[in-house]
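Numbering (the working numbering), first residue to last: 18 to 112. All residues carry an ideal CB built from backbone N, CA and C; glycine is no exception. Heads up: the structure comes next, in structure tokens.
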């Protein structure tokens, strides 16, 4: 679904309906999977003072009651520290 880029040029992708966020190298190889406690991660970005925390949003839309019972944190925001990985600073909008 949504994605961000780290300081090594790797893509971090929130994979809808797959219970994970994946990191891909610039040449497209999957380098890492982070298992999420929710089926529908929606987007991700780096933040924190050192850009070393990956923030992941998630959705609860169109999940039936059984799915919501299995994943009660659906719709939550998650903060994940990943050692050795940092995001890129964003360019400020001037106007």
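Residue 27 has no beta-bridge partner at all, per DSSP. Note on geometry: alpha-carbon atoms of residue 21 and residue 62 lie some 5 Å from one another.
If you ignore the 5 residues before and after residue 42, its C-beta comes within less than 7 Å of the C-beta of 27 and 48, all in its own chain and listed in chain order.
Taking C-beta atoms under 8 Å as the contact rule, residue 19 and residue 75 fail to qualify, at a distance of about 11 Å. Within the segment 22-69, the runs of beta strand (DSSP E) at least 3 residues long that lie entirely inside it are, in chain order, 28-32, 37-41, 47-52 and 58-64. Residue pairing by DSSP places residue 73 opposite 61 and 95 in a beta bridge.
The C-alpha of residue 51 is placed about 22 Å away from the C-alpha of residue 78.
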